[in-house]
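*Asks:*
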Amino acid sequence: MRGTRVLGRPFGRLVHCRLGKIKELFKGSNCHKPWERCLFTSSQNLKLFSDSSRQQDLRRFLEEIGTDPKEARYWLRQFQQHESTPDQPFAVVQVDSAILNDKVMLEKLSSCLAFLHRNGMPVIIVHGLDPHSDTENRDPKLRRAKLIEDNIELVDLLEKHGSKARPFMGSGHVLSALELDEPGSAFSGKICEVDVRPLQWCLRSGHIPVLTAVGESPSGQVLCVESHHAAVRIAEELQPMKVMFLNTAGGLVNRQGNVVSIAKLLNTLPMDSSAVITSADSLITELFTHNGSGTMFLRAEKIVKHHSLETVDTDRLKDLLVKSFDKPLTPEYFSSLENRLHTLYVTESYSTAAVITLENGLDDIPYMDKFTVGRNSQGLGTSDNLWKKIKQDFSSLFWRSRGTNRINPWYFIRSDGSWTNGMWTVFWYGVNDHILTHKLVQHAIQLPPSFDPIAPHDEASNKGVISSNGYHKYL
């Protein structure tokens, strides 16, 4: 399981049974078969590889993400929303030297990165020296020779797996550095400036840039720099959706052996970007499932509490609710909250919100009128963070949901009790009195709807069975 803070199975009948399940991911396609087009990309990219390669990509995708079509569709939607411009990478990937020294792991890595490139998710690769290797510390010529050797090998493997790659061995035109006075260190420089234009040109030409962590001083001296620092600086400039640090140690350390903070990096990236520390052979799993084996770092967005609509941007809140439920609010919705509102939780970007009211004659048991997470924040743990905040502030709560709502399993797990009449399901926690729960149920089912007509995600025709680890995807 992924911490918060491989192609091992045979294809055979296993894959054939999954092809049927995955077909629903490709509804609306003009193709007769799902493998007649690339998994993620446009027809322009189809010309880059053969039918057999597309079948292999589909099989690989199914093998690594598992059998849940809903999970696959969720992640496909997430990444397709990114819609990279031609000169913007989907991910910046830093590769530790320990992986480059392991031929089996390097083969897997090259295959994974080529898979991403073929399917419309361009990457920039950065690699460098091991800061704790005595062999590489001895002679600057040996260090540079090792970097060049690794770069050539990685480029060759990427092209072997069907992707065009371009080596950036000197990196002087990309990374500018100042000399460090640290005798015996594997690194002789520290990055002071980054010029990403050569990398953008490389991406526009359809190549994977493979960059050695080497900078150039103002006097023209070649200086080795830390590869994770180079990846961070490039990511700050190009704003990718993912920054991935691939190593065998499970963490990041600098040249002094100190743990590197990811928080500063996340603060420079878009809110929906993330950083991942993982191994080379779990790269696809990390990207396309909720159950990766590495550690994902997400930027925690501040949740603001309001006790009056006067301090809330109601236009942005309305936009969030309408887009989340895909139906317009009733005209009187906000006016109905004026005398009932107790607490309104909303993130700074208005991507997540919850509305808590106090209803008359219910022994001060609060009612959760709305709980919604925008599409761009789904799958990032935002719903759980908001729920924890609500639980901290309210020892008891009740709410209702349509009986056909797909997120009801998520509510069942987080409630102490529930009641349903088919049309509505009423949930509560922190309430043990049967007379009081009856009163709460009667009040909830007589409340007027906030949306008219029923939102599409509540329609019976869309009802489906979802696994317990997927409930949060629909919040």
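Read in the UniProt record's numbering, the sequence shown has 53 at position 53, and its numbers run on one by one without any break.
Glycine is no exception: its CB is placed at the ideal position from the N, C-alpha and C atoms.
1) Excluding the five sequence neighbours on either side, which residues of its own chain have a C-beta within less than 7 Å of the C-beta of serine 163, listed in chain order?
2) Ignoring anything shorter than 4 residues or poking outside the region 97-167, list the alpha helix (DSSP H) runs there in chain order.
3) If distances are taken between C-alpha atoms only, which option among Pro328, Lys103, Leu362 and Ser324 comes closest to isoleucine 407?
4) Would you give the residue range spanned by the alpha helix (DSSP H) that arginine 93 belongs to?
5) Alpha carbon to alpha carbon, how far is cysteine 192 from glutamate 237? Give it in angstroms, no decimals.
6) Where does lysine 190 sit, in a helix, a strand or coil, going by DSSP?
7) Taking serine 450 as the reference, give the member of Leu329, Leu180 and Gly422 with the closest Cα.
8) What span of residues does the beta strand (DSSP E) with valine 210 cover, start to end?
9) So, is isoleucine 413 buried or exposed, given that buried needs 16 or more other C-beta atoms within 10 angstroms?
10) What's the gap between the Cα of aspartate 150 and the Cα of aspartate 96?
11) Considering only the alpha carbon of each residue, which of Ala230, Cys224 and His229 lies closest to lysine 146?
12) My output table needs one value for histidine 307: the three-state DSSP class, helix, strand or coil.
13) If you follow the beta strand (DSSP E) that arginine 406 is in, where does it begin and where does it stop?
14) Buried or exposed: lysine 388, going by 16 or more other Cβ atoms within 10 Å of its Cβ?
15) Report the three-state DSSP secondary structure of phenylalanine 334 (helix, strand or coil).
16) Do you know offhand how far valine 126's Cα is from lysine 103's?
17) Kindly list the residues whose CB is nearer than 6 Å to the CB of glycine 430, restricted to its own chain and excluding five residues on each side of it in sequence; keep chain order.
18) I need the boundaries of the beta strand (DSSP E) containing leucine 180, first residue and last residue.
19) Since leucine 309 and phenylalanine 334 are thought to touch, with beta carbons under 8 Å apart, how far apart are those beta carbons, to the nearest angstrom?
20) For the alpha helix (DSSP H) that contains valine 232, what are its first and last residues?
21) Kindly indicate which residue of Pro331, Ile435 and Leu211 has the alpha-carbon position closest to the one of glutamine 94.
22) Write down the C-beta distance between serine 351 and glycine 374 rounded to the nearest angstrom, noting that I regard them as a contact closer than 8 Å.
23) Using DSSP with H/G/I as helix, E/B as strand and the rest coil, what is proline 448?
24) Over what stretch of residues does the beta strand (DSSP E) that includes valine 222 continue unbroken?
25) With a CB to CB cut of under 6 Å and the five nearest residues on each side skipped, what residues in its chain are close to valine 92?
26) Taking the alpha carbon of proline 143 as the reference point, which residue from Ile152, Thr311, Leu154 and Gly128 has its own alpha carbon closest?
27) What did DSSP end up calling serine 418 once you bin it into helix, strand or coil?
28) How many angstroms separate the CA atom of serine 110 from the CA atom of valine 196?
29) What's the C-alpha gap between leucine 317 and leucine 341?
30) Got a sec, what are the start and stop residues for the beta strand (DSSP E) isoleucine 356 sits in?
31) Does the distance from the CB of leucine 440 to the CB of leucine 386 come in under 8 Å?
32) From this set, His306, Val276, Asn339 and Pro331, which residue's C-alpha is nearest alanine 353's C-alpha?
*Replies:* Straight from the coordinates:
1) Ala114, His117, Arg118 and Ile208
2) 97-100, 103-118, 134-137 and 140-160
3) Ser324
4) Looking at the sequence shown, residue 93 is not arginine but valine. Where valine 93 is concerned, there is no enclosing alpha helix (DSSP H), although the beta strand (DSSP E) it sits in stretches over 91-95.
5) 13 Å
6) strand
7) Leu329
8) 208-212
9) exposed
10) 11 Å
11) Cys224
12) coil
13) Looking at the DSSP string, arginine 406 is not in any beta strand (DSSP E), and its letter there is neither H nor E.
14) exposed
15) helix
16) 18 Å
17) Ser395 and Ser396
18) Run containing leucine 180: none; DSSP gives neither H nor E here.
19) 6 Å
20) 227-238
21) Leu211
22) 4 Å
23) coil
24) 222-224
25) Ile124, Ala231, Ile234, Ala235, Pro240 and Val243
26) Looking at the sequence provided, one finds arginine at residue 143 rather than proline. Ranking Ile152, Thr311, Leu154 and Gly128 by Cα distance to arginine 143 puts Gly128 first.
27) strand
28) 23 Å
29) 14 Å
30) 352-358
31) no
32) His306
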